Amino acid sequence: MEDENQKPAIMNQEQPEKDKAKTFALLGVEFSLEFVKTALIVFLLAIFFRFYIFQPFIVVGQSMEPNFHDKEYLVVDKVTTRFRDPKRGEIVIFHPLQNPSESYIKRVIGLPGETVEVKDGKVYVNDKILEESYVLHDATLSADNSYPKETLGDDEFYVFGDNREHSSDSREIGPIPRANLQGRVAVVLFPLNSIRFVGLPMYQTTTTFLETYTTSI
């Protein structure tokens, strides 16, 4: 009789253990589902930011020296240029018409409707010399460099590399349509000793020139 009375007690001990195992299994499944859900959300957000908000860009070559150097890692703001035109002096990333699969980095020099000309090594916008503090003296165009005057269309921009003697820019590839702009450079992120926000340059100009560009800069 004692043996028969002990069997239900043993069975009652086994049942909580089974329930506990099921609970742990369910918790594991729930945790896995939450992890997958969170990872998926993070992935989708990363894709959204990558294609619609920010874009990484690595400088290749010397065309933007002395301000941007080979292998520098940049963050490109893709939102601002969707809502307004680039400003003079801003650094933009774009697809050249001749090589739409590639991305170039240059500085905006001429805005829609303006006339740009290079004469005796000097850059003229609307027949006024553009004084550029960001271009080193030894990186400016030599005096024998001249390019014909060109008037930009309503959605066209003239872009130059800061290293004028070593840059393939609008002098060679022509004006850049607005549709080809990818965004403006906002931050230099790497190397660590070069981290900085990228702002607009201060143009040193005559009074006449300032009056001409007050609404543009």
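Numbering-wise, this note's numbering puts 44 at position 37 of the sequence shown, and it's gapless, one number per residue.
All C-beta atoms, glycine included, are put in the ideal place defined by N, C-alpha and C.
In this text, all values refer to a predicted model and were calculated from it rather than measured experimentally.
Outcome for residue i when other beta-carbon atoms lying within 10 angstroms are tallied against a minimum of 16
{"i": "P155", "result": "exposed"}
{"i": "I202", "result": "exposed"}
{"i": "I60", "result": "exposed"}
{"i": "L207", "result": "exposed"}
{"i": "A146", "result": "In this prediction, A146 has a pLDDT of 49, which is less than 50 and means its spatial position is unreliable; nothing more can be read from the coordinates."}
{"i": "A186", "result": "exposed"}
{"i": "I48", "result": "exposed"}
{"i": "D161", "result": "exposed"}
{"i": "L137", "result": "buried"}
{"i": "V195", "result": "buried"}
{"i": "L40", "result": "exposed"}
{"i": "E179", "result": "exposed"}
{"i": "V227", "result": "Nothing can be reported for residue 227, as the shown portion of the chain is limited to 8 through 224."}
{"i": "T227", "result": "As displayed, the chain neither begins before 8 nor continues past 224, which places residue 227 out of reach and without an answer."}
{"i": "V43", "result": "exposed"}
Any non-hydrogen atom of the ligand FMN closer than 7 Å to residue i Cβ
{"i": "V192", "result": "Of the ligands one can find in the structure shown there are none, so the ligand FMN has no counterpart to examine."}
Reference residue i, options the options, closest by Cα
{"i": "S174", "options": "T45, L40, F75, Q62", "result": "F75"}
{"i": "I100", "options": "V66, K126, R191, Y141", "result": "R191"}
{"i": "E121", "options": "A46, D169, K135, Q69", "result": "K135"}
{"i": "D77", "options": "K44, I65, D84", "result": "I65"}
{"i": "L118", "options": "E109, V132, T88", "result": "V132"}
{"i": "F204", "options": "A193, Y210, F197, P198", "result": "A193"}
{"i": "F90", "options": "Q189, N170, L81", "result": "Q189"}
{"i": "S70", "options": "I183, P198, S39, S177", "result": "S177"}
{"i": "D84", "options": "Q62, Y111, N200", "result": "Q62"}
{"i": "T158", "options": "F167, E124, R171", "result": "E124"}
{"i": "N152", "options": "L199, R171, F164, V43", "result": "R171"}
{"i": "E109", "options": "D169, V67, Y141", "result": "V67"}
{"i": "Y80", "options": "M209, L199, Y210", "result": "L199"}
{"i": "P182", "options": "T88, I116, K44", "result": "I116"}
{"i": "M209", "options": "F164, Y111, K94", "result": "K94"}
{"i": "E72", "options": "K113, E163, P184", "result": "K113"}
{"i": "S140", "options": "V86, G96, N106, P107", "result": "G96"}
{"i": "D169", "options": "P184, A46, V142", "result": "V142"}
{"i": "F197", "options": "Q105, V82, P184", "result": "V82"}
Beta-ladder partner(s) of residue i, from DSSP
{"i": "F3", "result": "As shown, the chain starts at 8 and ends at 224. That puts residue 3 outside it, with no answer to give."}
{"i": "I65", "result": "Y80"}
{"i": "K85", "result": "According to DSSP, which records beta bridges pairwise, K85 is partnered with nothing at all."}
{"i": "E255", "result": "Here the chain covers residues 8 to 224 and nothing more, so residue 255 does not appear."}
(request) Return the chain-ordered ranges of every beta strand (DSSP E) run that is complete within the region 129-189 and spans a minimum of 3 residues. (result) 129-132, 154-158, 163-167
(message) Does the region 124-134 come into contact with the region 101-111, if we say contact requires no fewer than three beta-carbon pairs (one atom in each stretch) closer than 8 Å?
(response) no
(request) Return the chain-ordered ranges of every beta strand (DSSP E) run that is complete within the region 92-117 and spans a minimum of 3 residues. (result) With a minimum length of 3 residues, the continuous beta strand (DSSP E) runs that stay inside the region 92-117 are 98-101, 111-117.
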